[in-house]
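Using the UniProt record's numbering, read the sequence shown as starting at 1 and increasing by one per residue.
A virtual CB, placed ideally from N, CA and C, is assigned to each residue, including glycine.
Since the model is a prediction, treat every value here as computed from it, not as a measurement.
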Amino acid sequence: MTEVLPQPECSLTSVCEPLERCCLDQLEEPGSKRPPNTGARLWGRVRSKLLRQKLDPQTVETKNWHTDVIEMNGIKVEFSMKFTSRDMSLKRTPSKKQTGVFGVKISVVTKRERSKVPYIVRQCVEEVEKRGIEEVGIYRISGVATDIQALKAVFDANNKDILLMLSDMDINAIAGTLKLYFRELPEPLLTDRLYPAFMEGIALSDPAAKENCMMHLLRSLPDPNLITFLFLLEHLKRVAEKEPINKMSLHNLATVFGPTLLRPSEVESKAHLTSAADIWSHDVMAQVQVLLYYLQHPPISFAELKRNTLYFSTDV
């Protein structure tokens with residue numbers, strides 16, 4: 001039996017592909033008397049069924065599983081599927097440990113490493129730029145979950161074989177590991193405290209007021225968060241420069257990373273939003289626009305930001 005939890009930030013195609021890879025070999029056993037390509041045809045049917053599946057908007061927040069069975073030539077595939085709303089799929093669970101890097105505050109990690117940007121971020125970015133920057137759908141196409149978990153374990157253990165493992169790993173798994181790192185931070189990179197101000201700033205209609213606000217907010221970030229954000233920002237701009245090849249525009253990248261880097265705290269979310277639809281319409285588009293604003297902005301210097309201490313108020 002196969003369980004599938006499609007989430008709003010990933011396509012059902014990306015869910016089907018790892019299922020097909022991990023199960024197809026088992027369906028096509030050597031010496032089998034079944035007609036050739038039974039496994040491929042069966043998984044084609046499963047994929048088609050999943051891609052056609054439409055979930056009732058009124059039931060997306062229930063805990064009920066939708067179960068289905070598909071049979072062919074003596075093989076039966078039973079799968080269950082339910083919708084997990086974005087607020088649950090991106091919910092941050094702070095780690096109780098202070099070792100490793102996943103789920104640990106970025107300030108703790110950079111202090112321990114004596115670095116300005118976490119090692120995991122630097123290495124994943126370097127590998128993507130080395131051999132994945134022209135990969136179609138980089139950061140949008142999901143890596144294999146088991147590969148991502150393997151990389152997570154290696155980074156958490158600070159294993160000496162990290163670099164060798166990175167060089168051999170599928171590039172989408174490395175991209176997925178980077179996204180997972182930011183998603184599992186105890187609080188988003190742009191912080192819970194500044195979230196309401198980012199939402200106000202991006203809504204300003206006056207260009208000069210918006211510029212002052214958005215730069216002021218960057219200056220208000222803790223140094224490890226700001227330096228890491230600027231590092232990631234320049235990387236994503238370089239990825240977007242290859243858009244004719246990799247099909248990843250600045251807007252596509254902002255859509256992938258915005259809700260991960262900038263997100264309301266659990267208290268803020270409960271206070272203002274009541275449903276999964278509200279979360280998407282009220283928050284996510286604004287989160288995307290915040291990151292897109294910085295991606296479209298001329299290069300931002302950490303030193304220049306710190307030198308500029310102009311007063312700003314969101315009451316402008």
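By how many angstroms is the C-alpha of residue j removed from the C-alpha of residue i?
i	j	result
valine 144	alanine 209	44 Å
histidine 235	threonine 110	19 Å
glutamate 243	leucine 233	16 Å
glycine 137	alanine 173	13 Å
leucine 189	asparagine 225	6 Å
serine 301	asparagine 308	11 Å
methionine 248	threonine 99	34 Å
aspartate 223	cysteine 213	18 Å
leucine 217	arginine 112	26 Å
leucine 250	proline 207	20 Å
leucine 134	leucine 230	According to the sequence shown, residue 134 is glutamate rather than leucine. Those two C-alpha atoms are separated by around 22 Å.
asparagine 246	tyrosine 293	21 Å
isoleucine 148	alanine 203	36 Å
arginine 150	proline 118	Here the sequence assigns alanine to residue 150, which means arginine is not the residue at that position. Distance between the alpha carbons of alanine 150 and proline 118: 18 Å.
valine 154	methionine 165	9 Å
Of all the options the options, which has the alpha carbon lying nearest to the alpha carbon of residue i?
i	options	result
arginine 183	Val121, Met215 and Lys242	Val121
valine 284	Gly258, Val101, Ser205 and Ile245	Gly258
isoleucine 171	Met215, Ile106, Leu221 and Lys130	Lys130
arginine 263	Phe102, Asp156, Glu187 and Asn212	Glu187
threonine 146	Met169, Glu135 and Ile133	Met169
valine 108	Leu185, Val154, Gln149 and Ser167	Leu185
arginine 193	Arg114, Gly201 and Leu221	Leu221
threonine 167	Asn246, Gly132 and Val104	According to the sequence as given, residue 167 is serine; it is not threonine. When each option's Cα is compared against that of serine 167, the closest is Gly132.
lysine 237	Ile202, Pro118 and His297	His297
threonine 191	Gly74, Glu71 and Ile106	Ile106
Would you call residue i buried or exposed, if buried means 16 or more other Cβ atoms sit within 10 Å of its Cβ?
i	result
serine 142	buried
asparagine 159	exposed
glutamine 287	buried
residue 317	Nothing about residue 317 can be reported from this structure: the residues present for the chain run from 1 to 316 only.
lysine 54	Reliability fails at lysine 54, whose pLDDT of 48 lies under 50, so the model's placement of it is uncertain and the value that follows must be treated cautiously. It counts as exposed.
lysine 76	exposed
glutamate 127	buried
glutamate 78	exposed
alanine 303	exposed
alanine 175	buried
glycine 74	exposed
Taking the alpha helix (DSSP H) that residue i belongs to, which residues open and close that run?
i	result
arginine 219	207 to 220
tyrosine 139	Note, tyrosine 139: premise wrong, no alpha helix (DSSP H); not H, not E.
asparagine 172	171 to 183
serine 107	106 to 113
lysine 116	Element bounds for lysine 116: n/a, residue is neither H nor E.
glycine 201	195 to 202
valine 290	285 to 296
proline 224	223 to 241
aspartate 156	145 to 157
isoleucine 162	162 to 168
lysine 247	Premise fails: lysine 247 is in no alpha helix (DSSP H) and is neither H nor E.
Taking the CB atoms as reference points, tell me whether residue i and residue j lie closer together than 8 Å.
i	j	result
valine 256	arginine 140	yes
leucine 178	cysteine 124	yes
alanine 240	leucine 253	yes
methionine 215	leucine 295	no
lysine 116	isoleucine 227	yes
aspartate 68	phenylalanine 102	no
serine 265	tyrosine 181	no
So, is the C-beta of residue i closer than 8 Å to a C-beta in chain C?
i	result
leucine 166	This model lacks chain C altogether, as it is built from one protein chain only.
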